[in-house]
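Worksheet for the structure shown next.
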Amino acid sequence: MMELRQALSGFWTGTLSWDFSMADYCTLKAGGKAAALVVATSRPELAGLIVGLEENSIRWRVIGRGSNILVPAGGYDGVLIILGGDFCAIAGDPGLSGDDGRQTVRVGAGCPAAKLVGWSVVHQLSGLEFMAGIPGSIGGAVFMNAGAWGGEIADVVEGVSFVDRRGRFHDVGREDIDFSYRRMRPRDPALEGAAIVGATFSLRPDSQRLIIEQCRSHVAGRRRKQPLSVASAGSFFRNPPGDSAGRLIEAAGLKGLQKGEAMVSPKHANFIVNTGRASADDIVELMREVQERVYRFSGIRLEPEVHLLEKG
Ligand SMILES: Cc1cc2nc3c(=O)[nH]c(=O)nc-3n(C[C@H](O)[C@H](O)[C@H](O)COP(=O)(O)OP(=O)(O)OC[C@H]3O[C@@H](n4cnc5c(N)ncnc54)[C@H](O)[C@@H]3O)c2cc1C
């Protein structure tokens, strides 16, 4: 760990926190420590950081706003990178509107998803209503191919900008990226392990009243169905093909099941909630118990949708 500190201090002068408790960052309000958490604010800064990390064989990963990750109790023994500054910008470009009036919007990966939804309401552009109420950043939403109410990022994204593991930037068209359920993968092998720095979306002009109504109805639907007053990472498990993880967990009688202060939400069985001071261990133990008991009950092995950032 001393080596990491020495090396990183040698080439990074930007914002940095050592031994950062990820419970203070993630929406689950639980998690072990990251050896270092840094905020990169511009492309040159990010490129230099990645080159330095790779040269020193230091593990790194770009994260968003922590609404779909859990760092286990053992911690993350590398550098977690947050994209701030320039990476939070939104730039609508009317010059890029097509024959059908659709407009292309460029967004930095660090931009909060809610900020982009608000921007599209103000500019009377439709396509992102399904995102209303999904927390997180645009980078996280693209990486996870976030979706709800029958819509997903793949439907509206035109292109994605990446930084590869050598610190080089690439603009990639939608046609060269495979999107699937809560996953995406660029086809170019040079982009293996690359991070997302921005995305462009194609949005359609529409009545502001209709856009607002859609957003409101989605947010109201979430309030009805989801335990939004307690800490969580949203749906914890991926839906298995043709079924719903929540249905399987409920059918196995697991609503309300607890480990320490982690609980299977009585309101929505696919939410693991932190009712107070749950530790990362509580959450991981509860996850394993749910997997085990659903498997015994139905023969189906649930896989987490939440990303566990394990030790290397
Ligand atoms: C109350 C609640 C409701 C939710 N509802 C939904 C929903 O309806 N639909 C849905 O799809 N999700 C939902 N989620 C989950 C989560 O909000 C989304 O997955 C979101 O898009 C994650 O964004 P983030 O910025 O928080 O990513 P993080 O949680 O920080 O990261 C998630 C993953 O993406 C990677 N990542 C993040 N940014 C980048 C980047 N720039 N480059 C490369 N990799 C990156 C991280 O390394 C990690 O592997 C919900 C979560 C909560 C708490």
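The sequence shown begins at 58 in the numbering used here and counts up by one. Glycine included, C-beta positions come from ideal geometry on N, C-alpha and C. Only a predicted model underlies this, so the values are computations on that prediction, with no experimental measurement involved.
Quiz item: Say the cut is 8 angstroms; is the CB of Asn-113 nearer than that to a heavy atom of ligand 1?
Solution: no
Quiz item: Residue range of the alpha helix (DSSP H) that Ser-74 falls in?
Solution: First-last for Ser-74: 72-78, but that is the beta strand (DSSP E), not the alpha helix (DSSP H).
Exercise. Output the distance between the C-alpha atoms of Pro-323 and Glu-346, rounded to the nearest integer angstrom.
Key: 16 angstroms
Quiz item: Less than 8 angstroms between the CB of Asn-327 and some heavy atom of ligand 2, yes or no?
Solution: This structure lacks ligand 2; its bound ligands are ligand 1.
Quiz item: For the segment 330-339 against the segment 347-356, are there 3 or more C-beta pairs whose distance is under 8 angstroms?
Solution: no
Quiz item: Taking 8 angstroms as the line, does the beta carbon of Met-201 fall inside it for any heavy atom of ligand 1?
Solution: yes
Quiz item: Going by DSSP, which residues form a beta bridge with Gly-204?
Solution: Glu-209
Quiz item: So, are the CB atoms of Thr-161 and Glu-215 less than 9 angstroms apart?
Solution: yes
Quiz item: For the beta strand (DSSP E) that Ile-120 lies in, which residues bound it at each end?
Solution: 117-120
Quiz item: In whole angstroms, what separates the C-alpha of Phe-226 from that of Pro-243?
Solution: 13 angstroms
Exercise. Look at Val-136 and Ile-269 and say whether their C-beta atoms are less than 9 angstroms apart.
Key: no
Quiz item: Does the distance from the CB of Ala-189 to the CB of Val-164 come in under 9 angstroms?
Solution: no
Self-check item: Segment limits, alpha helix (DSSP H) that includes Pro-101
Solution: 100-112
Quiz item: Is Gly-224 closer than 9 angstroms to Ile-107 when the C-beta atoms are compared?
Solution: yes
Quiz item: So Ile-191 is in the beta strand (DSSP E); what residue range does that whole segment cover?
Solution: Where Ile-191 is concerned, there is no enclosing beta strand (DSSP E), given that its DSSP letter is neither H nor E.
Quiz item: By the 10 Å Cβ neighbour count, where 16 or more other Cβ atoms means buried, how is Pro-246 classified, buried or exposed?
Solution: exposed
Self-check item: Segment limits, beta strand (DSSP E) that includes Lys-90
Solution: 90-97
Quiz item: If we count the other Cβ atoms within 10 Å of its Cβ and call it buried at 16 or more, is Tyr-82 buried or exposed?
Solution: buried
Quiz item: From what residue to what residue does the alpha helix (DSSP H) around Glu-342 run?
Solution: 337-355
Quiz item: In the structure shown, what three-state DSSP assignment does Ala-288 receive?
Solution: strand
Practice problem: Determine the contact status of Leu-61 and Ile-115, defining contact as a CB-CB distance below 9 angstroms. | Solution: yes
Quiz item: At what residues does the alpha helix (DSSP H) containing Glu-215 begin and finish?
Solution: Careful: Glu-215 lies outside any alpha helix (DSSP H), inside the beta strand (DSSP E) at 214-220.
Quiz item: Can you list, in chain order, the residues of its chain whose CB lies under 6 angstroms from that of Arg-122, leaving out five sequence neighbours each side?
Solution: Gly-193 and Ser-194
Quiz item: Hey, quick one: how far does the alpha helix (DSSP H) through Arg-273 stretch, first residue to last?
Solution: 265-282
Exercise. Could you name the residues that DSSP lists as bridge partners for Tyr-133?
Key: Ala-91
Quiz prompt | Reduced DSSP category for Phe-294 - H, G, I as helix; E, B as strand; rest coil | solution = strand
Practice problem: Sort Pro-298, Gly-299, Thr-332 and Met-79 by Cα distance to Leu-434 and report the nearest one. | Solution: Past the edges of the chain, shown from 58 to 369, lies residue 434, and the structure says nothing about it.
Exercise. Please confirm whether any heavy atom of ligand 1 lies closer than 8 angstroms to the CB of Asn-125.
Key: yes
Quiz item: Regarding Ile-120 and ligand 1, is the C-beta to nearest heavy atom distance less than 8 angstroms?
Solution: yes
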